[in-house]
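Before any comments, here is the structure.
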Amino acid sequence: MEKDKSISEIKGLPEVKSEFGSSLEKNILKAEQKPIKELTNEDLRILLGQNLHLELIVPIVLDRLKFDILTRSEDLDVMLLTKLLQIESNYWEDNPEIKNTFDSLIKNNRQNIEEPQNKDKIDLDVYRQQELPELRKLIDNFIRI
Numbered sequence: 027m028e029k030d031k032s033i034s035e036i037k038g039l040p041e042v043k044s045e046f047g048s049s050l051e052k053n054i055l056k057a058e059q060k061p062i063k064e065l066t067n068e069d070l071r072i073l074l075g076q077n078l079h080l081e082l083i084v085p086i087v088l089d090r091l092k093f094d095i096l097t098r099s100e101d102l103d104v105m106l107l108t109k110l111l112q113i114e115s116n117y118w119e120d121n122p123e124i125k126n127t128f129d130s131l132i133k134n135n136r137q138n139i140e141e142p143q144n145k146d147k148i149d150l151d152v153y154r155q156q157e158l159p160e161l162r163k164l165i166d167n168f169i170r171i
């Protein structure tokens, strides 16, 4: 993949510069026009949340998450992981190699995922009571695909 090019360039999307539309639409347009290597986790969360350009961004997200999970990084982006787990099952069924990579990453590192290292950056009680049960449910659903 050419990381110096934008999603718009890679996919041949028309250049759109609009002052109209929702903030979501504006954020999507901005993300589509950035070089791939400059996409932030927030850009990726937005695109994943809208199921846009999955063939381009899922491998990028997996690379970022893989590093953070394997190194038990304090920067593990649980929201990005959650968005990845929420992708519809037909994507994973159509992309078994990527699904297997993600599946192995989760199964082999579930404890690293569920026990955050950035304890000083998050409210652990809120995480354990609200976010962790949902994350566990999403992981279990993903593994069953």
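First residue of the sequence shown? That's 27 in this note's numbering, and the numbers climb one at a time after it. Where a beta carbon is used, it is the ideal one built from N, C-alpha and C, also for glycine.
7 Å Cβ shell around residue i - same chain, five flanking residues per side excluded
| i | result |
| --- | --- |
| Gly75 | Lys109 |
| Leu164 | Thr108, Leu111 and Gln112 |
| Lys29 | Pro61, Ile62 and Lys63 |
| Val42 | Leu55 |
| Lys31 | Pro61 and Ile62 |
Same chain, Cβ closer than 6 Å to residue i, five either side skipped, listed in chain order
| i | result |
| --- | --- |
| Leu102 | Asp94 |
| Phe46 | none |
Proximity winner among the options, relative to residue i (alpha-carbon distances)
| i | options | result |
| --- | --- | --- |
| Asn134 | Glu114, Asn116 and Leu96 | Leu96 |
| Pro159 | Asp120, His79 and Ile139 | Ile139 |
Close Cβ partners of residue i (< 8 Å) along its chain, the five nearest in sequence each way excluded
| i | result |
| --- | --- |
| Arg162 | Glu140 |
| Leu82 | Met27, Ile33, Ile36, Lys37 and Ile62 |
| Glu114 | Asn77 |
| Pro85 | Met27 and Ile124 |
| Ile132 | Ile139, Ile165, Phe168 and Ile169 |
| Leu39 | Ile33 and Glu58 |
Chain D contact for residue i (CB, 9 Å cutoff)
| i | result |
| --- | --- |
| Leu82 | The chain inventory of the structure shown lacks chain D, comprising one protein chain alone. |
Assumed close pair residue i, residue j - CB separation to whole angstroms, cut-off 8 Å
| i | j | result |
| --- | --- | --- |
| Leu80 | Tyr117 | 6 Å |
| Glu119 | Ile169 | Not really, about 14 Å apart at Cβ, beyond 8 Å. |
| Leu106 | Arg136 | That belief does not hold up - the Cβ atoms of Leu106 and Arg136 are roughly 17 Å apart, past 8 Å. |
| Glu68 | Val104 | Actually they do not touch by this definition, with Cβ atoms about 13 Å apart. |
Residue i CB to nearest heavy atom of the ligand SAH below 8 Å
| i | result |
| --- | --- |
| Glu68 | This structure lacks the ligand SAH, and indeed carries no ligand of any kind. |
Contact between the stretch 151-162 and the stretch 118-129 (3+ Cβ pairs under 8 Å): Verdict: no, contact absent.
Check whether the stretch 82-94 touches the stretch 40-56, counting contact only when three or more Cβ pairs, one atom from each stretch, lie closer than 8 Å. Short answer: they don't touch.
Entirely enclosed alpha helix (DSSP H) segments - the stretch 88-120, minimum 4 residues: DSSP assignment within the stretch 88-120 yields the following whole alpha helix (DSSP H) runs of 4 residues or more, N-terminal first: 104-111 and 115-120.
Let me know the alpha helix (DSSP H) ranges lying completely inside the stretch 27-52, each 4 residues or longer, listed in chain order. Correct list: 33-37.
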